[in-house]
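When we follow our numbering, the leftmost residue of the sequence shown carries the number 59, and every step to the right adds one.
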Amino acid sequence: MKQKYVIDTTALMSYFSSTFEIQNKMSQHALDIISQAFNNDSIILLIPSIVFVEIFSKQFTNVERSEKIRYEVYEKIKSCDNISIEAIDKEVLEAFLKITDIEKKYSFDNHDKLIYSTAIKYNVPLLTSDLRLKRYNKKKKMIPQIID
């Protein structure tokens with residue numbers, strides 16, 4: 059059986075860091091997991107649709123950049139059988155509503171909660187460097203693991 063992972067925006071952008079012209083924020087282990095989904099059949103990546111909303115809203119700054127991201131990122135993802143783009147459905151929404159902030163001065167962004175909720179739905183590890191999510195999962199243990 060193939061191992062499944064949910065991937066967040068930072069992890070996806072880190073994998074395509076040269077396209078996004080950013081510094082990688084993920085471990086080599088996390089990048090290897092992502093690479094395996096693109097290059098063999100042992101890994102399934104689940105990408106919550108909100109990840110693309112976040113990328114599009116922050117990265118589509120001009121036509122040239124938008125086309126580059128579409129071609130180098132989205133088309134590659136779309137053509138990969140081991141990657142699934144996950145919609146916000148009833149199960150994700152129910153998990154979302156159960157997530158409560160545990161730190162008074164740091165509240166979760168809704169997109170982070172939706173990504174985490176997708177990992178809860180499938181009960182699979184999450185690839186993220188988000189410290190709030192790591193602390194939250196350490197305390198609440200709602201998903202098996204966070205890999206950064």
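Each residue gets a CB set at the ideal place from its N, CA and C atoms; glycine is no exception. This one's a predicted model, so the numbers in the text were calculated from it and none came from an experiment.
Q | Whole-Å CB distance - His87 paired with Ile205, under 8 Å assumed | A | 6 Å
Q.
Can you tell me whether Lys62 is helix, strand or coil according to DSSP?
A. strand
Q: List the endpoints of the continuous beta strand (DSSP E) containing Ser18.
A: Past the edges of the chain, shown from 59 to 206, lies residue 18, and the structure says nothing about it.
(Q) Please state the DSSP three-state secondary structure of Glu79. (A) coil
Q. Looking at Pro202 and the ligand SAH, is the gap between the Cβ and the nearest heavy atom below 6 Å?
A. Of the ligands one can find in the structure shown there are none, so the ligand SAH has no counterpart to examine.
Q: Could you name the residues of the same chain whose beta carbon sits closer than 7 Å to that of Asp159, not counting the 5 residues immediately before and after it, in chain order?
A: Ser165, Phe166
**Q.** Leu103 vs Ile65 beta-carbon contact at 7 Å
**A.** yes
Q: Please work out which residues of its chain come closer than 6 Å, Cβ to Cβ, to Met200, disregarding the five sequence neighbours upstream and downstream, and give them in chain order.
A: Ile178
Q.
Can you tell me whether Pro106 is buried or exposed? The criterion is at least 16 other CB atoms within 10 Å of its CB, across all chains shown.
A. buried
Q. DSSP state of Ser175, grouped into three classes?
A. helix
Q: Taking only the alpha-carbon atoms, compute the straight-line gap between Met59 and Ile91 and give it to the nearest angstrom.
A: 15 Å
**Q.** Reduced DSSP category for Ser165 - H, G, I as helix; E, B as strand; rest coil
**A.** coil
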